[in-house]
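**Q** In our numbering, the protein residues as written are 262 to 322.
I'd like to ask you about the structure that follows.
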């Protein structure tokens, strides 16, 4: 898997979790702990995305 496609996949997952959080926050029956766990997963994905974006690009000579 190329770096670009891996980043795209991580960003898609990040967006999916963001929508899950929004849905969960709009339903009072959802446990706060579930929302906290979703937010942690979202932050972990964001950190991974930022780490991959900061990686130096290989140069070709």
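Note that the Cβ used here is the ideal one computed from N, Cα and C, for glycine as well.
Here's the rule I'm using: 16 or more other beta-carbon atoms within 10 Å means buried, otherwise exposed. How should residue 306 be labelled?
**A** Taking the chain shown and counting its residues from 1, one reaches residue 306 at position 45. So residue 306 ends up on the buried side.
**Q** Would you mind stating whether residue 296 and residue 285 have Cβ atoms separated by less than 7 Å?
**A** Stepping through the chain shown from its first residue, residue 296 is reached at position 35. Stepping through the chain shown from its first residue, residue 285 is reached at position 24. Yes.
**Q** In angstroms with no decimal places, state the Cα-to-Cα distance between residue 317 and residue 269.
**A** Residue 317 sits at position 56 when you count from the first residue of the chain shown. Residue 269 sits at position 8 when you count from the first residue of the chain shown. If you take the alpha carbons of residue 317 and residue 269, they lie about 18 Å apart.
**Q** Quick check: residue 264 and residue 309, are their CB atoms within less than 7 Å of each other?
**A** Position 3 of the chain shown, counting from 1, holds the residue named residue 264. Position 48 of the chain shown, counting from 1, holds the residue named residue 309. For residue 264 and residue 309, no; Cβs fall outside 7 Å.
**Q** Candidates 291, 315, 303, 312: which alpha carbon is nearest residue 274's?
**A** If you number the chain shown from 1, residue 274 lands on position 13. Of 291, 315, 303, 312, the residue nearest in Cα terms is 303.
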